[in-house]
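Participant: Pasting a structure below so you can have a look.
Residue numbers (the working numbering), protein chains in the order written: chain Z, 1 to 444; chain B, 1001 to 1444.
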């Protein structure tokens, strides 16, 4: 792979105290798949290095989507203005019975198109037919953390298959793919199933990606039924003893946060605020989690609730909602919001030493955000711009693992026309809905 | 002006029950500055009519920004993560002492550039040096409702000047400009000043655009100081007896809503949710207002709080926040959100019979939203797309008063390069901040 110099960009980097700040007019030298050097612009580029001009571009770590169901873009707009329970039982779980392996492949590619165009370089995907998602990620050139979603209603045997997937693709796509076990949630997976998932995870050397305490109703139902919060169930079944990525935690109680703090070295929370607002699930207690040292990352969730896979929007909503809920505009200042979007998300996925930071030695997952638009002018404050003005459509160039995959908004790895045509062709079939054909029943 | 046929677009129109819906494959015929006909596509266009191809475009009424301070884009990003009181006293009101007439002109043009690119065809602007804003609007070709902001600390005489402005520009720019009196707020304008504003408004035949009950602190302070809510002050001073556009109403009490209901024929509320979240002001009680028959419209407020002038973002935040605050995802369904964004905003400004609806006889303020992006696919649900997927950058074509002013995102009326250069040239001066030089003190 050719080495690259991103010339004369502004760069979002940690200052000497570790706080994220924008340093103007920098060159970023990438060697192979890693960042080699970030230095003030001016020196002629090394011989043989490909130069990417970065004037008036803001370089930042590629965005990380810590919890999504990528192929659900196929159901975009089909479950609107309905309760959480109806969303599952009458819409999403019946719709998902339509899916074939090929649908998941094309759906994953559509979601990847959208995410790449929005500067997302890594996604933690929790879905079905995951070999197809892995294949799509391999082609797209992005990074991904993949787990095959399962319910215990399918019997213990499915875990062997999903574990085989996790083993097959661990370190896949030249190291860009990491894998995990992905039991759906404590209310859809019995304790034995969760324990067996943990055993598989330990044996393979991976973690677990799971939904838990999604809202306060689930927490209350769990406490009522068995005297334990969903997080306590995760502790008792061993889930917290392996690397665990937990969505969404809007139903966390103070004792849950204390508990999570004990496992903070390898447990993270995925926060997907647009879904929470749209489905009225409450809001993850981010301040308390971070105070307890638990990593929090940004997520979109699937497009059947969020409608898009736009992490810039998640970032903005996260910051706005933390201020609103605390009734204090000084809460969640810009540097902290950007910390969550970058280092927080990387840490929540257990990849904090490899991605989420622009610094020598890190993987070269870098996006260039175009700051020339009218909505950025005048550019008094570029960090404020990233949180409060940036749009997914400002993403100009995307590099993953040292390779440019989007340049001036043109895809270099994916055939956009073909993907859109394939998805258009299955649209009608995707929208058919037979409630009795649902893949699972929501009953927390 | 040439007549135009927008051919084969999807159109957001009222169905027979009045609910907004998208009808696919329509031709919209515009004659002069009005919509003449909306009909299924297929008939050859009338001779001499200019054809605008609308395939896979969604035509909707131009967005309306019912409360903003357009030239404040000059201060974008300069007042971040601070309390409401510090936002005024330490940042915005000192910064505004930097403004010259020329700054307001170029600032207005920058804000208009941004709004046109985001599909905003009408803005209610509440600011200073308003002749400059009117001049900018005239050049841009947009529609505007303009009021010159004043505080009673400046003495009663300023009202003569701002009334002269309202008279001078009433019906200006070929009828695209309407005007009003714009006393700042009940806590910055004494009762006599408000009464005099009403007298001027009545004499000229215009309304009043004012801030009131912006948050609960202002309401509490008013009740404590004088035993009246800000809305009761507006009633007592006669403001509610003329057409009144009120921002922001996050501090409305139930008795205020009852009071507003009595004046609902000519009173509207401007709702700017991003500012409220960012400054932790609470949320306008939209459901109660609409139940009481009071028109509610969407707004951005100024870019010093919002950071952008993006009404698509206001629409999305409005819908999401109403669900969240009610803890009910069935609240504020898509059709209602779109009703607020179109007919609600027009009604709040007293222009409900002229703009905000795609139907024969209405002014031809039409935008084409490009639905071809990955984040719209597959297009199962275009109304959901408008509320939950659309980005300002999806706006492809903008027509105001029958004239195309943005085509394929190119400006036809404004010189973007020149405007950005002028604004860049004053950027440093705009950012200087001398607290003692503030134009007013915040002390509700």
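Glycine residues also receive a C-beta, built at the ideal position from the N, C-alpha and C atoms. Computed from a predicted model, the values in this text were never measured in an experiment.
Secondary structure at residue 11 of chain Z, three-state DSSP: helix, strand or coil?
Facilitator: Residue 11 of chain Z falls in the strand class under three-state DSSP.
Participant: Can you tell me whether DSSP reads residue 1043 of chain B as helix, strand or coil?
Facilitator: Reduced to three states, the DSSP call for residue 1043 of chain B is strand.
Participant: Output the boundary residues of the alpha helix (DSSP H) element that contains residue 110 of chain Z.
Facilitator: Taken as a continuous stretch (DSSP letters only), the alpha helix (DSSP H) holding residue 110 of chain Z covers 101-117.
Participant: In angstroms with no decimal places, state the Cα-to-Cα distance between residue 148 of chain Z and residue 279 of chain Z.
Facilitator: Each residue's Cα considered, the two are about 24 Å apart.
Participant: Using the DSSP secondary-structure output, state which residues sit across from residue 1150 of chain B in a beta bridge.
Facilitator: DSSP output for residue 1150 of chain B lists B:1183 as bridge partner(s).
Participant: Give the secondary structure of residue 387 of chain Z by DSSP, where H, G and I count as helix, E and B as strand, and everything else as coil.
Facilitator: In the structure shown, residue 387 of chain Z sits in a helix (DSSP, three-state: H, G or I).
Participant: Starting from the N-terminal side, write out each stretch of the beta strand (DSSP E) that is 3 residues or longer and does not extend beyond the segment 159-213 of chain Z.
Facilitator: Segments of the beta strand (DSSP E) lying fully in the segment 159-213 of chain Z: 177-183 and 207-212.
Participant: How about residue 200 of chain Z and residue 256 of chain Z: are their beta carbons less than 9 Å apart?
Facilitator: No.
Participant: Does the distance from the CB of residue 1445 of chain B to the CB of residue 1150 of chain B come in under 9 Å?
Facilitator: Only positions 1001 to 1444 of chain B appear in this structure, which leaves residue 1445 of chain B out of reach.
Participant: Comparing alpha-carbon positions, which option in B:1302, B:1406 and B:1030 lies nearest residue 1368 of chain B?
Facilitator: Comparing Cα positions, the closest option is B:1406.
Participant: Which whole-angstrom value is the C-beta distance of residue 171 of chain Z and residue 214 of chain Z, which I expect to be below 8 Å?
Facilitator: Actually they are not in contact, since the Cβ atoms of residue 171 of chain Z and residue 214 of chain Z sit about 30 Å apart, beyond 8 Å.
Participant: Is there a Cβ of chain B sitting closer than 9 Å to that of residue 211 of chain Z, yes or no?
Facilitator: With 9 Å as the cut-off, residue 211 of chain Z does not count as an interface residue toward chain B.
Participant: Return the chain-ordered ranges of every alpha helix (DSSP H) run that is complete within the segment 294-368 of chain Z and spans a minimum of 4 residues.
Facilitator: The qualifying runs are 311-326, 334-339 and 345-348.
Participant: Counting only Cβ-Cβ distances shorter than 8 Å, please list the residues of the segment 1063-1087 of chain B near chain Z, keeping chain order.
Facilitator: Under the 8 Å Cβ criterion, the segment 1063-1087 of chain B contributes 1073, 1074, 1075, 1076, 1077, 1078, 1080, 1081, 1082, 1083, 1084 and 1087.
Participant: Which two residues bound the contiguous alpha helix (DSSP H) that contains residue 1133 of chain B?
Facilitator: Run containing residue 1133 of chain B: 1130-1140, per the alpha helix (DSSP H) assignment.
Participant: Residue 1291 of chain B: buried (16+ other C-beta within 10 angstroms of its C-beta) or exposed?
Facilitator: Exposed is the call here.
Participant: Of all the CB atoms in chain Z, is at least one closer than 9 Å to the CB of residue 984 of chain B?
Facilitator: Limits of chain B in this structure are 1001 at one end and 1444 at the other, which puts residue 984 of chain B out of reach.
Participant: When you compare only the Cα positions, how much space is there between residue 1211 of chain B and residue 306 of chain Z?
Facilitator: So the two alpha carbons sit approximately 33 Å from each other.
Participant: Rounded to the nearest angstrom, what separates residue 186 of chain Z and residue 239 of chain Z at their Cα positions?
Facilitator: About 10 Å.
Participant: So residue 381 of chain Z contacts chain B; which residues on that side make the cut at Cβ distance below 8 Å?
Facilitator: Within chain B, the residues near residue 381 of chain Z are 1076, 1077, 1078 and 1080.
Participant: Let me make sure I understand the geometry here. Which of B:1426, B:1438 and B:1442 has the alpha-carbon closest to that of residue 1073 of chain B?
Facilitator: The residue with the shortest Cα to Cα distance from residue 1073 of chain B is B:1426.
Participant: Specify, as a first and last residue, the run of the alpha helix (DSSP H) that residue 276 of chain Z falls within.
Facilitator: Per DSSP, residue 276 of chain Z belongs to the alpha helix (DSSP H) from 273-278.
Participant: Just the Cα atoms here: how many angstroms apart are residue 1117 of chain B and residue 1325 of chain B?
Facilitator: So the alpha carbons of these two residues sit roughly 31 Å apart.
Participant: Using a Cβ-Cβ cut-off of 6 Å (strictly less than) and excluding sequence neighbours within five positions of residue 1093 of chain B, which residues of its own chain qualify?
Facilitator: Cβ neighbours of residue 1093 of chain B beyond the five flanking positions: 1438, 1439 and 1440.
Participant: Could you tell me how far apart the beta carbons of residue 394 of chain Z and residue 370 of chain Z are, in whole angstroms, since I believe they sit closer than 8 Å?
Facilitator: The Cβ separation is near 5 Å, so the contact holds.
Participant: Excluding sequence positions up to five away, which residues of its chain have a Cβ less than 8 Å from the Cβ of residue 1228 of chain B?
Facilitator: So the list reads 1222 and 1236, once near-sequence residues are dropped.
Participant: Use the C-beta contact count for residue 174 of chain Z: other C-beta atoms within 10 angstroms, 16 or more gives buried, fewer gives exposed.
Facilitator: Counting Cβ neighbours within 10 Å, residue 174 of chain Z comes out exposed, since fewer than 16 surround it.
Participant: In this structure, does DSSP put residue 419 of chain Z in helix, strand or coil?
Facilitator: Correct three-state label for residue 419 of chain Z: helix.
Participant: Which same chain residues end up closer than 8 Å to residue 158 of chain Z when comparing Cβ atoms and leaving out the 5 residues on each side of it in sequence?
Facilitator: Closer than 8 Å at the Cβ level, and outside the excluded window around residue 158 of chain Z, lie 150.
Participant: Can you find a CB in chain B that lies within less than 9 Å of the CB of residue 373 of chain Z?
Facilitator: Output row for residue 373 of chain Z: interface = yes.
Participant: Answer yes or no: does any C-beta atom of chain B fall closer than 9 Å to that of residue 306 of chain Z?
Facilitator: Cβ-Cβ to chain B under 9 Å: yes for residue 306 of chain Z.
Participant: Would you report the Cα separation of residue 66 of chain Z and residue 32 of chain Z, rounded to the nearest angstrom?
Facilitator: One C-alpha to the other measures close to 25 Å.
Participant: Under a three-way DSSP split, which group does residue 287 of chain Z fall into?
Facilitator: Of the three classes helix, strand and coil, the one that applies to residue 287 of chain Z here is helix, per DSSP.
Participant: Name the chain B residues whose beta carbon is nearer than 8 Å to that of residue 334 of chain Z?
Facilitator: Near residue 334 of chain Z (Cβ distances below 8 Å), the residues of chain B are 1080 and 1081.
Participant: DSSP three-state label for residue 1082 of chain B, please.
Facilitator: DSSP places residue 1082 of chain B in coil when its eight states are reduced to three.
Participant: Determine the extent of the alpha helix (DSSP H) in which residue 1025 of chain B is found, giving its start and end residues.
Facilitator: Unbroken run through residue 1025 of chain B is the beta strand (DSSP E), 1020-1031; no alpha helix (DSSP H).
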